[in-house]
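Residue 226 in the working numbering is what sits at position 56 of the sequence shown, and the numbering runs on without skipping anything.
A short worksheet on the structure shown next.
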Amino acid sequence: MKRRRGFSLLELVVASALLLIVVVGSVPAVLAATRCGGRAERLAGAHSAIVATLEQLRVLPFVVDDGAGSEHCVVGLLFPHACEARNTTSAFYSAAARDGHREATFCTVVDVAVGRIVTRATWVVATPSGWVPLQHSQVDGYAADQGGPPPSEALLVEVEVLATDGRPPARAATVFGPTAPGVGGGPSPAPSGAP
Numbered sequence: 171m172k173r174r175r176g177f178s179l180l181e182l183v184v185a186s187a188l189l190l191i192v193v194v195g196s197v198p199a200v201l202a203a204t205r206c207g208g209r210a211e212r213l214a215g216a217h218s219a220i221v222a223t224l225e226q227l228r229v230l231p232f233v234v235d236d237g238a239g240s241e242h243c244v245v246g247l248l249f250p251h252a253c254e255a256r257n258t259t260s261a262f263y264s265a266a267a268r269d270g271h272r273e274a275t276f277c278t279v280v281d282v283a284v285g286r287i288v289t290r291a292t293w294v295v296a297t298p299s300g301w302v303p304l305q306h307s308q309v310d311g312y313a314a315d316q317g318g319p320p321p322s323e324a325l326l327v328e329v330e331v332l333a334t335d336g337r338p339p340a341r342a343a344t345v346f347g348p349t350a351p352g353v354g355g356g357p358s359p360a361p362s363g364a365p
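Take a look at the structure:
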């Protein structure tokens, strides 16, 4: 009897069907892996933006009382004034709680490649029960460029990256101050009650 070489038509059809099942079954896994990789890359970008912002602040002194509202200190950069009349679209004081900002908070908004960095600064005081934000009446009229002492010895700083594609924001919070182990010593961890 003569041996046949190659595959029969039935064997080719079965092998092709199995290959098709494997390929079609693996496409969703490949797409999911690609999406996860993209999300991880965007999250890493947001995290890097937050770290870069906090590192930029960490090396600055807490306050420079030069009467010019120096942008070479944490206070001058993050809380230059408590006067809504001096607000701009990218740097503004919010006397009342609104739009996700607590009362007496100064916000700075910067557009970057990964989205928008929103930095919120609120004067706080340490109490036995934790950090307590100052109210508008306690900071009203403050301006770093007018000289004089700041309203408090500590500033709660929240950095948030809002993604352009609707993903949940990435956030970090810390307290800066001359007596905190942060600026003028660096940032200290945010209180447990801080958002």
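Here a beta-carbon is modelled for each residue, glycine too, at the ideal position from N, C-alpha and C.
- For the options T275, C243 and V245, the alpha carbon positioned closest to that of N257 is the one of T275.
- The segment 339-348 makes contact with the segment 213-221: 3 or more CB pairs, one atom from each, lie closer than 8 Å.
- The Cβ atoms of A283 and E273 lie no closer than 9 Å to each other.
- For T334, there is no enclosing beta strand (DSSP E), as DSSP gives it neither H nor E.
- Residue environment analysis places R290 among the buried positions, since at least 16 neighbouring C-beta atoms fall within 10 angstroms of its C-beta.
- Following the DSSP letters along the chain, one finds S264 in no alpha helix (DSSP H) but inside the beta strand (DSSP E) bounded by residues A261 to S264.
- With distances taken between CA atoms, P250 lies nearest to A313 out of L332, L213, A313 and A324.
- For V200, there is no enclosing beta strand (DSSP E); the enclosing alpha helix (DSSP H) covers residues L179 to R228.
- When the beta-carbon positions are compared, V244 and F232 come within less than 9 Å of each other.
- Of the candidates T297, G300, A324 and S299, the residue whose Cα lies closest to the Cα of V309 is A324.
- Secondary structure at A314: helix, using DSSP grouped into helix, strand and coil.
- One alpha carbon belongs to S186, the other to G195, and they sit about 14 Å apart.
- The alpha carbon of A296 has as its nearest neighbour, out of L326, R268 and I287, the alpha carbon of L326.
- The straight-line gap separating the alpha-carbon atoms of C253 and T259 is approximately 14 Å.
- Listed in chain order, the non-local C-beta contacts of T278 below 6 Å within the same chain comprise A261 and T289, local neighbours out to five positions each way being set aside.
- Boundaries of the alpha helix (DSSP H) around G246: V244 to L248.
- For V280, the uninterrupted beta strand (DSSP E) segment begins and ends at T275 to V282.
- In this structure T223 is in contact with I287, their Cβ atoms being roughly 6 Å apart against a cut-off of 8 Å.
- Following the DSSP letters along the chain, one finds V309 inside the alpha helix (DSSP H) bounded by residues H306 to V309.
- P319 and G347 have their C-alpha atoms some 13 Å from each other.
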